[in-house]
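Encoded as structure tokens, the structure appears first; notes follow it.
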Amino acid sequence: MAMVEDIVSGDARVSEATPADYFELLKPKVMRLVVFTALVGMLAAPGAINPFLAVFSILAIAVGAGASGALNMWYDSDIDGVMTRTIKRPVPSGRVTPSEALIFGVILSALSVLTLGLVANWVAAGLLAFTIFFYAVIYTVWLKRSTPQNIVIGGAAGAFPPMIGWACVTGTLTIESAVLFAIIFLWTPPHFWALALWKMRDYDNAGVPMLPNVVGEKKTRDQMLIYAAILLPVTVAPAFLGFGGVAYAIVSTILAGTFLALTYKVWAIAGADPNLKAEKYLFGFSIFFLFAVFATLLIEAVVFRSFGLSLTLGDIF
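For the sequence shown, the residue numbers in our numbering are 74 to 390.
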């Protein structure tokens with residue numbers, strides 16, 4: 074049991090948090106996506122990394138992502154307590170005190186960055202440190218409560234992991250890793266705004282200026298469609314840059330085309346369905362979309378390329 078007094082807020086209450094509560098602070102669902110995209114960046118990068126060091130690098134990135142989640146839950150405990158989607162989180166539910174979440178997040182942040190620097194390189198470690206700072210401070214403290222473009226700018230934090238994985242192998246940041254960043258960055262607004270459209274009341278109650286609450290549903294759908302349209306060519310770009318083969322070109326085109334079509338449906342019906350089925354379906358598909366795009370890159374990098382079976386567009390044209 075945790076026996077740490079809430080030294081930050083001055084609350085003398087002592088929590089009885091379990092290991093499971095602390096694990097929940099790490100936002101494990103988000104952590105899985107971070108680990109997966111970082112792994113793809115690592116394996117898609119040219120060159121090689123010692124398997125032992127690769128495992129510890131991925132663990133460090135995972136811990137860094139979890140640290141960001143803990144710091145986010147510490148600062149957002151007030152608004153988490155009034156939103157149905159987040160009210161059961163460890164801090165607003167009272168299972169973990171705010172200071173416990175803060176101390177936990179700070180310690181994990183330092184540990185993850187130091188570990189990555191020692192086992193991989195300091196370029197990757199520096200990028201991980203910037204990612205934690207960006208999510209915990211730039212997004213959580215500043216953007217989230219001050220601008221309806223919070224998700225657009227703040228989405229960069231979730232887009233850095235494949236760049237970190239790439240940097241673990243190469244020690245550099247390249248156009249290829251920037252494209253992986255751009256895929257997630259452009260995917261984030263339509264993905265999250267689809268959720269925001271059917272959770273508008275929650276954000277209103279919490280006082281968070283999400284785009285639908287500030288500019289209205291129509292303009293939100295307009296911007297979702299624009300992002301989805303730009304996302305299509307960017308998603309296919311790895312095939313033209315040579316680190317995605319023909320198989321990736323085909324799969325990514327189908328996936329991005331479907332994502333655009335579903336976003337167009339959300340835009341076209343313009344709230345005609347009070348149950349917002351199109352928005353909910355888009356949100357669900359968007360999660361599958363990102364997994365499938367990066368999984369295809371992973372398969373090409375690990376299976377096709379390892380056995381010399383990868384066929385690129387350059388081989389054809």
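C-beta atoms are modelled at their ideal positions from N, C-alpha and C, and glycine is treated no differently.
Runs of the alpha helix (DSSP H) lying entirely within the region 271-301 and spanning at least 4 residues, in chain order: 273-279, 284-288. DSSP places I152 in the uninterrupted alpha helix (DSSP H) bounded by 150-153.
Taking 9 Å as the cut-off, the beta carbon of M236 is found closer than this to the beta carbon of L253.
Scanning its chain for C-beta atoms nearer than 6 Å, with the 5 sequence neighbours on each side dropped, one finds around V155 the residues N278, A279, in chain order. M156 carries a coil assignment under DSSP once its states are collapsed to helix, strand and coil. Around the C-beta of F96, fewer than 16 other C-beta atoms lie within 10 Å, and the residue is accordingly described as exposed. In this chain, N123 is not harboured by any alpha helix (DSSP H), its DSSP state being neither H nor E. In the three-state scheme derived from DSSP, where H, G and I count as helix and E and B as strand, E89 is classed as coil. One thing to note: L187 has its Cβ no nearer than 9 Å to the Cβ of A240.
For R105, the enclosing alpha helix (DSSP H) has its first and last residue at 101-117. Nearest in C-alpha terms to L363, of all of A127, G231, N123, V242, is G231. Here L328 carries a helix assignment [DSSP, helix/strand/coil]. Between the C-alpha atoms of L298 and L191 there is a straight-line separation of about 43 Å.
Annotated three-state conformation of G227 is helix, per DSSP.
Rounded to whole angstroms, the separation of the alpha carbons of G289 and V242 is 44 Å. Distance from E352 to V339 at the Cβ level is roughly 6 Å; contact confirmed, criterion being Cβ atoms closer than 8 Å. In the same chain as F207, and ignoring 5 residues on each side of it, the C-beta atoms closer than 7 Å to its own belong to A229, A230, in chain order.
One Cα belongs to T91, the other to A117, and the distance between them is close to 38 Å.
The three-state secondary structure of T245, taken from DSSP, is coil. Cβ-Cβ distances below 6 Å link A209 to S141, L144 in the same chain, with the five nearest sequence neighbours on each side left out; the list follows chain order. Taking a contact as a CB-CB distance under 8 Å, the pair W271 and L349 counts as one, their CB atoms being some 4 Å apart. Residue burial annotation: S219 is exposed, with fewer than 16 other C-beta atoms found within 10 angstroms of its C-beta.
By the criterion of a C-beta distance shorter than 6 Å, I226 is surrounded in its chain by L216, once the five residues flanking it on both sides are discounted. Bounds of the alpha helix (DSSP H) holding K350 are 350-372. The beta carbon of F356 sits closer than 6 Å to the beta carbons of A267, L268 from its chain, once the five residues preceding and following it are set aside; these are given in chain order.
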